[in-house]
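Enquirer: In this note's numbering, the protein residues as written are 2 to 159.
1) Have a look at residue 65 and residue 143 and give me their C-alpha separation to the nearest angstrom.
2) Can you tell which of 23, 119, 137 has its C-alpha closest to the C-alpha of residue 85?
3) Take residue 125 as the anchor and find which of 67, 115, 138, 53 has the nearest alpha-carbon.
4) Within the same chain, show all residues whose beta-carbon is closer than 6 Å to that of residue 79, passing over the 5 residues directly before and after it, in chain order.
5) Work out the CA separation of residue 100 and residue 40 for me, nearest whole Å.
6) Rounded C-beta distance between residue 52 and residue 113? I'm assuming under 8 Å.
7) Hey, quick one: how far does the beta strand (DSSP E) through residue 89 stretch, first residue to last?
8) Do residue 117 and residue 54 have their CB atoms nearer than 7 Å?
9) Residue 74 to residue 157, Cα distance in whole Å?
10) Nearest to residue 88 by CA position, among 132, 16, 24, 136, is which residue?
11) What three-state label does DSSP hand residue 144 in the structure shown?
12) Count the other CB atoms, across all protein chains shown, that sit within 10 Å of the CB of residue 69; report buried if there are 16 or more and exposed otherwise.
13) Which two residues bound the contiguous beta strand (DSSP E) that contains residue 59?
14) With a 10 Å radius around its C-beta and 16 neighbouring C-beta atoms as the bar for buried, classify residue 115 as buried or exposed.
15) Please confirm whether residue 145 and residue 63 have their CB atoms less than 7 Å apart.
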């Protein structure tokens with residue numbers, strides 16, 4: 002009997018993830034040719050498009066942990082959902098300051114709607130997931146389902 006360790010993604014998840022990684026890379030390359038030339042043309046400063054979260058995903062004992070920095074986000078403005086093997090985090094970060102466009106010198110902080118969807122790398126018990134938001138850090142803990150999975154390979158003779 003040959004065993005596939007739990008840490009490896011099933012092939013369909015790997016293909017799905019690679020497809021979206023390649024698509025995102027292609028879109029980023031395409032956007033290089035359509036960059037704004039003047040501040041008034043800087044459409045990326047507007048809040049018409051969702052921002053994307055940076056996340057950390059790791060295993061700690063029998064739990065899958067997802068962490069993200071969400072400074073300035075109220076728990077009431079945050080939505081977390083698990084559908085099958087997809088985890089989606091959505092929310093909105095609002096600025097408390099109104100500043101005229103002409104008064105800006107440098108702007109990196111993202112204000113507005115954001116979202117991130119990831120493929121969960123392990124089989125988890127999503128109904129037992131817990132989330133906490135402390136000091137601007139979101140932590141989602143999801144118990145890992147069952148033990149090791151093994152795949153039996155049967156020999157077929159011609």
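Backbone N, C-alpha and C define an ideal beta-carbon position, used for all residues, glycine too.
Expert: Taking the definition as stated:
1) Separation of residue 65 and residue 143 (C-alpha to C-alpha, rounded to the nearest whole angstrom) is 5 Å.
2) Residue 119 is the option with its Cα nearest to residue 85.
3) Of the candidates 67, 115, 138, 53, the one whose C-alpha sits nearest the C-alpha of residue 125 is 67.
4) The answer, listed in chain order, is 92.
5) In this predicted model, residue 40 has a pLDDT of only 48, less than 50, meaning its place in the structure is not dependable enough to derive any value.
6) Rounded to the nearest angstrom, the Cβ distance from residue 52 to residue 113 is 6 Å, consistent with a contact under 8 Å.
7) Membership of residue 89 in the beta strand (DSSP E) is indicated by the continuous run 87-94.
8) The criterion of a C-beta distance shorter than 7 Å is satisfied by residue 117 and residue 54.
9) One Cα belongs to residue 74, the other to residue 157, and the distance between them is close to 57 Å.
10) The residue from 132, 16, 24, 136 with its alpha-carbon nearest to that of residue 88 is 132.
11) In the structure shown, residue 144 falls within a strand segment according to DSSP collapsed to helix, strand and coil.
12) By the 10 Å Cβ count, residue 69 comes out buried.
13) First-last of the beta strand (DSSP E) with residue 59: 56-61.
14) By the neighbour-count definition (other C-beta atoms within 10 Å, threshold 16), residue 115 is a buried residue.
15) Between residue 145 and residue 63, the gap from beta carbon to beta carbon is short of 7 Å.
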